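Trainee: Can you read through this structure? Questions will come right after.
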Amino acid sequence: MRTTGMLATALTAGLALATGGAAAQDKTFNWRFTTVAGANTIEFKELGEGFAEKVEKASKGRLVIKAFPSGVLMKDPEAIDALAKGTIQMAVTYLVYFSGKEPALRAVNEWPALVDPLQGVTWFYAGGGAEIMRPILERHGMYFLGVSPLSGEHIWSKNPLPTVDALKGLKIRAAGLAADSFARMGAAVVNMSGVDVYQGLQRGTVDAAEFTTLPVNYEFGFAEVTKHVIFPSYSGGGTYDWAINKKAWDELPEDLKTIMHATLGQVGSQYFMKAILAERKVMDELKKKNMNFITWSEKDMKALELARIAVMRERYAKESEDFAKILKSRLELLQTLGYDVPPG
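For the sequence shown, our numbering begins at 677 and goes up steadily by one.
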């Protein structure tokens, strides 16, 4: 009798677990997903809508994600707060926007120097980045899903900037490490949301701006209010950050979590390949509009790199032990990739 009773109890418990597992597998999740990409950009089509469509298909409709372009649900800098509070479930963004509350995220999207365009992705997935970054976001109620490649950024200007010395006194919109390194070199940095840059240039609030990739800036109309673009990129090798509200993430069954990770890898690679082609097309369009391309010398770029490293070491690393770990880890990777890291 006792053996029969124990068997019955075990079977009942097993049935309950199986039923609970089946219920979790059958549940449908509906998420809101904000991005930093404009509605007509390749970024939004691939990283926003493309990601959502692939997840819904792979999950057979169990995880439905509604993607929104930049500025529709909120201004870009507000997305991380909304994510932490659970107002939205997911964002592909720049975590530097949250650095006011978490100093470790200063310059997290940018690197001091470009050695390889995929160095940011390499660091996160193979260089110890995930192990450093995920605990930082978790203490703010977020799960760091991962990163995807971000093409290099450039300065767009209304007036010619022949050398890096032209930054002195220049009214320029910039954010994060770009803002602090430009300021270190004498620029008059103005803080404004990416969606406000066009009007800022148009009205003369700023005379130059950096925001994001060439195709995105082009879609935002930068070519209509500037005449010059600076090359090469001052911030190659960076990444887009993919973050999820921790409570929403924890509610997902394991198979949906696996789908999310796999889909991020897929769309990130597809986007980067298409972005390379998109940049060439934008370059052709800019030439047709008689945009002036200015190339800074190696000496100019080295001066900018040294300013960026100095800001990271002298300010960010001293303000946050976690950022000091990030910087040390990233400089080690750059050195492995062949970059001559200055002593300090």
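Ideal placement from N, C-alpha and C gives every residue a C-beta, glycine not left out. In this text the structure is predicted, and so the values were computed from the model without any measurement.
Using 10 angstroms around the beta-carbon of His-937, count the other beta-carbons present and answer buried if the total reaches 16, otherwise exposed.
Mentor: Translated into the one-based positions of the sequence shown, residue 937 becomes position 261. Label assigned to His-937: exposed.
Trainee: Could you check where the beta strand (DSSP E) with Gly-822 kicks off and where it finishes?
Mentor: Counting from 1 along the sequence shown, the entry for residue 822 is found at position 146. Segment 818-825, the beta strand (DSSP E) holding Gly-822.
Trainee: Taking the continuous beta strand (DSSP E) assigned at Tyr-742, which residues delimit it?
Mentor: On the sequence shown, residue 742 is found 66 positions in, with the first residue counted as 1. At residue 742 the sequence reads Lys, which differs from the Tyr that was named. From DSSP, the beta strand (DSSP E) with Lys-742 extends over 739-744.
Trainee: So, with DSSP's three-state summary, where would you put Ser-833?
Mentor: Numbered from its first residue, the sequence shown carries residue 833 at position 157. Ser-833 falls in the strand class under three-state DSSP.
Trainee: Roughly how many angstroms lie between the CA atoms of Phe-858 and Leu-843, to the nearest whole one?
Mentor: Numbered from its first residue, the sequence shown carries residue 858 at position 182. Numbered from its first residue, the sequence shown carries residue 843 at position 167. Their backbone Cα atoms lie some 7 Å apart in a straight line.
Trainee: On the three-pair Cβ rule with 8 Å, is the region 762-776 touching the region 844-856?
Mentor: Cβ pair count under 8 Å is three or more, so yes.
Trainee: In chain order, what residues of the same chain have a beta carbon less than 8 Å from the beta carbon of Arg-860, not counting five sequence neighbours either side?
Mentor: Mapped onto the sequence shown, residue 860 falls at position 184. Excluding sequence neighbours, Arg-860 sits near Ala-983, Ala-986 and Val-987.
Trainee: I'd like to check one pair, Ser-973 with His-904: are the Cβ atoms closer than 8 Å?
Mentor: Stepping through the sequence shown from its first residue, residue 904 is reached at position 228. Stepping through the sequence shown from its first residue, residue 973 is reached at position 297. Against a cut-off of 8 Å, the Cβ pair of Ser-973 and His-904 comes out as no contact.
Trainee: Which whole-angstrom value describes the C-beta separation of Pro-779 and Glu-995, a residue pair presumed to lie in contact below a C-beta threshold of 8 Å?
Mentor: Residue 779 sits at position 103 when you count from the first residue of the sequence shown. Residue 995 sits at position 319 when you count from the first residue of the sequence shown. Contact holds; Cβ gap of about 5 Å.
Trainee: With three or more beta-carbon pairs closer than 8 Å as the criterion, would you say the region 821-831 touches the region 866-875?
Mentor: With a cut-off of 8 Å, the region 866-875 and the region 821-831 do not count as touching, because too few Cβ pairs lie within range.
Trainee: If we count the other Cβ atoms within 10 Å of its Cβ and call it buried at 16 or more, is Val-882 buried or exposed?
Mentor: Taking the sequence shown and counting its residues from 1, one reaches residue 882 at position 206. Under this definition Val-882 is a buried residue.
Trainee: Tell me which residue opens and which closes the alpha helix (DSSP H) that Trp-972 is part of.
Mentor: By one-based count along the sequence shown, residue 972 stands at place 296. Neither: Trp-972 is in no alpha helix (DSSP H) and is coded neither H nor E.
Trainee: Within 10 angstroms of its Cβ, does Ala-694 collect 16 or more other Cβ (buried), or is it exposed?
Mentor: Start at 1 with the first residue of the sequence shown, and residue 694 comes out as number 18. For Ala-694, the predicted model reports a pLDDT of 41, less than 50, meaning its position is unreliable and no value from the coordinates is stated.
Trainee: So Met-766 is in the alpha helix (DSSP H); what residue range does that whole segment cover?
Mentor: Here residue 766 corresponds to residue number 90 of the sequence shown, with the count starting at 1. Note, Met-766: premise wrong, no alpha helix (DSSP H); beta strand (DSSP E) at 766-769.
Trainee: At which residues does the alpha helix (DSSP H) containing Trp-799 begin and terminate?
Mentor: As a working mapping, residue 799 is identified with position 123 in the sequence shown. First-last of the alpha helix (DSSP H) with Trp-799: 795-802.
Trainee: With a threshold of 6 Å on Cβ separation, who are the neighbours of Val-740 within its own chain once the five nearest residues in sequence on each side are excluded?
Mentor: Indexing the sequence shown from 1 puts residue 740 at position 64. The answer, listed in chain order, is Asn-706 and Glu-732.
Trainee: Three-state secondary structure (DSSP) at Ala-694?
Mentor: Position 18 of the sequence shown, counted from the first residue, corresponds to residue 694. Reliability of the predicted coordinates at Ala-694 is poor, the pLDDT of 41 falling under 50, and the value obtained from them is presented with this limitation in mind. Ala-694 falls in the helix class under three-state DSSP.
Trainee: Classify Gly-913 as helix, strand or coil using the three-state DSSP reduction.
Mentor: Translated into the one-based positions of the sequence shown, residue 913 becomes position 237. Reduced to three states, the DSSP call for Gly-913 is coil.
Trainee: By a C-beta neighbour count over all protein chains shown, 10 Å radius and 16 as the cutoff for buried, is Glu-829 buried or exposed?
Mentor: Numbered from its first residue, the sequence shown carries residue 829 at position 153. Flag for Glu-829 reads buried.
Trainee: Give me whichever residues DSSP pairs with Lys-847 in a beta bridge.
Mentor: The residue labelled residue 847 in the question sits at position 171 within the sequence shown. Paired residue(s): Ala-864.
Trainee: Apart from the five residues on each side of it in sequence, which residues of its chain come closer than 7 Å, Cβ to Cβ, to Phe-720?
Mentor: As a first step, residue 720 is located in the sequence shown; it is residue number 44 there, counting from the start. Hits under 7 Å: Thr-711, Ala-713, Gly-714 and Pro-745.
Trainee: Give every residue of the same chain whose Cβ lies closer than 6 Å to the Cβ of Ala-863, excluding the five residues on either side of it in the sequence, and list them in chain order.
Mentor: By one-based count along the sequence shown, residue 863 stands at place 187. The residues are Leu-843, Leu-846 and Ile-848.
Trainee: Any contact of the region 760-767 with the region 789-800, i.e. 3+ C-beta pairs under 8 Å?
Mentor: Because the criterion of three Cβ pairs below 8 Å is not met, the region 760-767 and the region 789-800 do not touch.
Trainee: Suppose only complete runs of 4+ residues qualify. What are the alpha helix (DSSP H) ranges in the region 957-1018, listed by chain order?
Mentor: DSSP runs (the alpha helix (DSSP H)) wholly in the region 957-1018: 974-987 and 997-1012.
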